[in-house]
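Novice: Read top to bottom, the protein sequences are chains A and B. Read in order, the letters of the first sequence correspond to residues 1 to 200 in full-length UniProt numbering. Read in order, the letters of the second sequence correspond to residues 1 to 200 in full-length UniProt numbering. Just so you know, even glycine gets a beta-carbon here, dropped at the ideal spot from N, CA and C.
Protein chains: 2
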Amino acid sequence: MTDSKRSGSGEVAARRGKRERLTAAAVRMLHEQGVEKTTLADIARAADVPVGNVYYYFKTKDELVEAAIGAHAQSLEAMIASLDQLPAPQDRLKALISGWVEQRELAAQFGCPFGTLSSELDKRADGLDRTAAEVMRILLDWGERQFREMGRTDARDIAVALIASYQGISLLTNTFRDPELMAREGERLERWIDSLATEG
Amino acid sequence: MTDSKRSGSGEVAARRGKRERLTAAAVRMLHEQGVEKTTLADIARAADVPVGNVYYYFKTKDELVEAAIGAHAQSLEAMIASLDQLPAPQDRLKALISGWVEQRELAAQFGCPFGTLSSELDKRADGLDRTAAEVMRILLDWGERQFREMGRTDARDIAVALIASYQGISLLTNTFRDPELMAREGERLERWIDSLATEG
DNA sequence: GTCTATATTTTGATAGAC
DNA sequence: GTCTATCAAAATATAGAC
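#1: Please confirm if A:T116 has its CB atom under 8 Å from at least one CB of chain B.
#2: From A:A41 to A:N53, what distance separates their C-alpha atoms?
#3: Would the stretch 133 to 140 of chain A and the stretch 119 to 136 of chain B be scored as touching if the rule is three or more Cβ pairs under 8 Å?
#4: When the Cα atoms are used, what is the spatial distance from A:V51 to A:L30?
#5: Only counting the same chain, and skipping five residues up and downstream in sequence, which positions put a Cβ closer than 8 Å to that of A:A24?
#6: Within 10 Å of its beta-carbon, does A:R6 have 16 or more other beta-carbons around it, so buried, or fewer, so exposed?
#7: Less than 8 Å separating the beta-carbons of A:A164 and B:G168?
#8: Once you ignore the five residues that flank A:E66 on each side, which residues in its own chain have a CB closer than 7 Å to its CB?
#9: To the nearest angstrom, how far is the alpha carbon of A:W100 from that of A:L171?
#10: Using CA atoms only, rank isn't needed, just tell me which of A:T39, A:L86 and A:I193 is closest to A:D62.
#11: Would you say B:V160 lies against chain A (beta-carbon separation less than 8 Å)?
#12: Does the distance from the CB of A:Q90 to the CB of A:M150 come in under 8 Å?
#13: Look at the alpha carbon of B:S75 and the alpha carbon of B:R152, and state the distance between them as a whole number of angstroms.
#14: Which residues, in chain order, does the stretch 122 to 133 of chain A contribute to contact with chain B at a C-beta distance below 8 Å?
#15: What residue ranges within the stretch 86 to 153 of chain B form continuous alpha helix (DSSP H) runs of no fewer than 4 residues, ordered along the chain?
#16: Taking buried to mean at least 16 other C-beta atoms within 10 Å of its own C-beta, is A:E187 buried or exposed?
#17: Kindly list, in the order they appear in chain B, the residues whose Cβ is closer than 8 Å to that of A:F176.
#18: Find out if the Cβ-Cβ distance for the pair A:D122, B:T60 is shorter than 8 Å.
#19: At what residues does the alpha helix (DSSP H) containing A:K37 begin and finish?
#20: For A:R148, I'd like the list of residues in its chain whose CB is within less than 8 Å of its CB, leaving aside the five on either flank, ordered along the chain.
#21: Can you find a CB in chain A that lies within less than 8 Å of the CB of B:K5?
#22: Could you check the C-alpha separation between B:Q103 and A:K18 for me, to the nearest Å?
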């Protein structure tokens with residue numbers, strides 16, 4: 001078995017490694033350049049994989065976009081699991097906002113990584129926009145649970161309002177290239193969360 | 001002067017007519033399909049102008065995009081002039097929100113006409129994203145003036161928050177293809193405007 | 001001013017050597 | 001499994017007849 005180093009688990013590791021590098025590169029490039037402007041060559045270069053080799057891992061560009069959406073879903077689930085460690089729903093929500101504010105420089109450069117992707121996919125006929133909507137719904141449902149736990153009967157509406165505020169301030173932060181916009185809106189949202197706990 | 005019908009003011013009218021049709025078609029197509037997905041052929045077809053003729057009016061695709069931004073600026077100025085007819089700033093702001101809610105079906109299909117454009121342009125290197133930012137600033141400045149007239153010292157921050165809420169709910173309304181999201185958020189924002197007038 | 005035909009470039013995707 | 005070379009289609013832009 002002189003081929004033992006090149007076959008077996010070695011191949012699997014290489015395969016997974018490249019596939020994951022391509023997915024990570026896709027997430028980054030789609031965020032920075034958008035779906036339509038990003039070419040397969042861009043992604044291949046960012047992943048340090050030859051262009052022609054991309055098709056061994058992903059049959060079409062859409063499959064790469066789908067993999068990027070999946071990666072966003074995984075990140076989101078991990079973030080939610082982390083937030084759920086906190087005992088009080090108010091603190092969980094405020095920790096979510098803090099995370100947004102921490103990413104304000106990236107938002108100023110390229111907007112919300114998932115919001116801009118979702119927005120762009122909504123202009124396409126295929127089903128990838130529905131996949132993105134599913135991911136967005138995970139965050140919305142989590143937010144609703146927090147507000148319900150705080151005793152709000154309008155939990156869904158204010159969860160929608162919170163996520164909308166984040167998506168909107170991401171767009172403005174990006175449009176004006178001003179991370180301070182996100183910081184100030186974050187402070188306002190945290191005060192708002194506190195006020196919701198005391199009000200009816 | 002056998003050519004009198006084809007030269008002189010007739011040509012100017014035709015020229016202006018086609019240019020304006022192309023601009024209007026660009027606005028519509030860029031909204032529906034996005035900048036990168038929309039081809040010059042798409043715009044030409046929507047304007048009922050032969051593809052090759054487009055270049056007589058616009059030297060590049062970017063010039064067409066710029067014209068579309070200019071058209072948005074004009075629409076915005078017209079809307080502001082109309083809102084300014086109302087005597088009270090609260091009513092002007094609530095009329096703005098009503099207008100957003102009225103357009104909810106279009107938002108569900110394609111998002112905010114200007115927000116999605118601005119978001120996409122921010123992913124490009126050229127200066128068109130700065131032009132879009134100028135237009136967005138017109139609305140922001142107007143909102144700030146209304147809140148200041150209401151006696152708010154935090155006028156800029158809440159103007160940013162209001163526009164962000166609209167941009168964000170447009171994105172969610174589009175993502176979930178649900179115009180009702182915009183309607184409910186509109187109601188919430190109107191209650192919020194009222195509460196600002198009574199609070200400090 | 002208008003339009004057809006076409007040049008040029010880019011991009012998604014494939015064939016086939018190694 | 002990897003990679004080079006290349007195809008085919010689409011898109012921007014131009015040339016030149018009318």
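Specialist: Taking the definition as stated:
#1: yes
#2: 11 Å
#3: no
#4: 17 Å
#5: A47 and A71
#6: Annotation note: pLDDT 37 at A:R6 (below 50); position unreliable, coordinate value reported separately. Result: exposed.
#7: yes
#8: L128 and T131
#9: 13 Å
#10: A:T39
#11: yes
#12: yes
#13: 28 Å
#14: D122, K123, R124, D129, A132 and A133
#15: 89 to 102, 104 to 110, 113 to 121 and 128 to 149
#16: exposed
#17: A133, M136 and R137
#18: no
#19: Element bounds for A:K37: n/a, residue is neither H nor E.
#20: A155
#21: For B:K5, the predicted structure reports a pLDDT of 34, less than 50, and the residue's modelled location is therefore unreliable. The matter cannot be settled from this model.
#22: 45 Å
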